[in-house]
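Terminal number for the sequence shown in full-length UniProt numbering: 308, no gaps in between.
Quick reminder that beta carbons are idealized off the backbone N, C-alpha and C, glycines included.
Report on the following structure.
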Amino acid sequence: MRVVFAGTPEVALPALDAVAASRHELVGVVTRPDAPSGRGRRLVASPVAQRADELGVPILKPTHPREPDFQAALAGLRPDACPVVAYGALLPQSALDLMPHGWINLHFSVLPSWRGAAPVQHSLWAGDEVTGATTFRIVKELDAGPVFGVMTERIRPGDTAGDLLARLAEGGAGLLVQTLDGIEDGTLEAREQQAEGVSFAPKITVEDARIDWAHPAVAIDRQVRACDPAPGAWSTFGGERIKIGPVRSVDREPLPPGVLDVTKNAVLVGTSTSPVQLGDVKAFGKKQMAAADWARGVRLESGARLGD
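As structure tokens, this is what we get:
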């Protein structure tokens, strides 16, 4: 088939590479416009655009996919299907109708669970034991289209959102190519999603990522891992925000929520259950460092409190 790939961030690169290496003809790439980056706020092409440039395929960067000029350019590439991974813009019906087999999305959950922008983060935060990836045909309703294929992935105890997403991106790339193969062969038929078990995964905001030390240790551990690397779980100390890396529960006597116990090699924080040991800490304007090093630098003493 002639295919146009749509995607934007780094997580889409394994799928783009897999499609480019497949038997299908990659005739173009759709991605978000160049965006400001770094201290100089210089416009930088998306990771997908950079890889497409290396591959030597035409790149389309519409401000919005409803633009007539974009739709005309896309139609001019005569694609049979458009595989999609984390493109980042809502597609109007006029764009969805441009190709015979439609837009085939790789979504990082087992649908109908966790429809939305942050399925991996919400799966971790909820304490799921298994997640996965799904390929489906995009329709107007959010992540509700008929399903072609599913893969599953067990969530490991120490997984962060970054860890889990990396594995799903690699495994999902193969699933996406298999889906395109099956569509071309006529051996794969999309099936409507179940009406039961629908859950939603909206984008996690910076405010969502603020730690409430009055929650149980297990809930804080899940929150911190779900928000790693972005937006980053955080608390406050001395009136300034600090980002908190992965934590681990410690089997010892409780501490009041937010209260610190500082030793030479560890920093413990109280929760509503057992304390947690801080991993890495990043204070405002500082580099990320081990919690014990941060404590020495600010001359932290036991009895101080986070979340002040």
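Please go through the same chain and pick out, in chain order, the residues whose beta-carbon is closer than 8 angstroms to the beta-carbon of Ala190, but skip the five residues on each side of it.
Around Ala190: Phe136, Arg137, Gly145, Pro146, Val147 and Phe148.
Would you call the stretch 115-126 and the stretch 97-105 touching, i.e. three or more CB-CB distances under 8 angstroms?
Between the stretch 115-126 and the stretch 97-105 there are fewer than three C-beta pairs closer than 8 angstroms, too few to call the two in contact.
Taking Arg42 as part of the beta strand (DSSP E), name the residues at either end of that continuous run.
In this chain, the beta strand (DSSP E) harbouring Arg42 covers Arg42 to Val44.
So the alpha helix (DSSP H) Thr179 belongs to, where does it begin and stop?
Note, Thr179: alpha helix (DSSP H), Ala161 to Asp185.
Cα-Cα separation, Thr179 to Asn105:
Rounded to whole angstroms, Thr179 to Asn105 spans 10 angstroms at the Cα level.
Within the continuous beta strand (DSSP E) that includes Leu74, where are the two ends?
Where Leu74 is concerned, there is no enclosing beta strand (DSSP E), although the alpha helix (DSSP H) it sits in stretches over Pro68 to Gly76.
Test item: CB-CB of Gly201 and Val11 under 8 angstroms
Inspection of the sequence shows that residue 201 is occupied by Ala rather than by Gly. Taking C-beta atoms as the reference points, Ala201 and Val11 fail to come closer than 8 angstroms.
Reduced DSSP secondary structure (H/G/I, E/B, other) of Trp213:
In the three-state scheme derived from DSSP, where H, G and I count as helix and E and B as strand, Trp213 is classed as coil.
Is Trp294 helix, strand or coil when you go by DSSP?
In the structure shown, Trp294 adopts helical secondary structure according to DSSP, grouped into three states.
Where the alpha helix (DSSP H) through Asp48 begins and ends:
Per the sequence shown, the amino acid found at residue 48 is Val instead of Asp. Per DSSP, the unbroken alpha helix (DSSP H) holding Val48 starts and ends at Pro47 to Leu55.
If contacts are defined as beta-carbon pairs under 8 angstroms, then Thr131 and Leu111 qualify, I think. What distance do you get, rounded to the angstrom?
The pair is not a contact, with the Cβ atoms about 11 angstroms apart (cut-off 8 angstroms).
Under the DSSP definition of a beta bridge, which residues are partnered with Val198?
Per DSSP, none; premise fails for Val198.
What would DSSP say about Ala283, mapped onto helix, strand or coil?
Strand.
From the DSSP secondary-structure annotation, give me the bridge partner or partners of Ile138.
For Ile138, which the question treats as bridged, DSSP gives no partner whatsoever.
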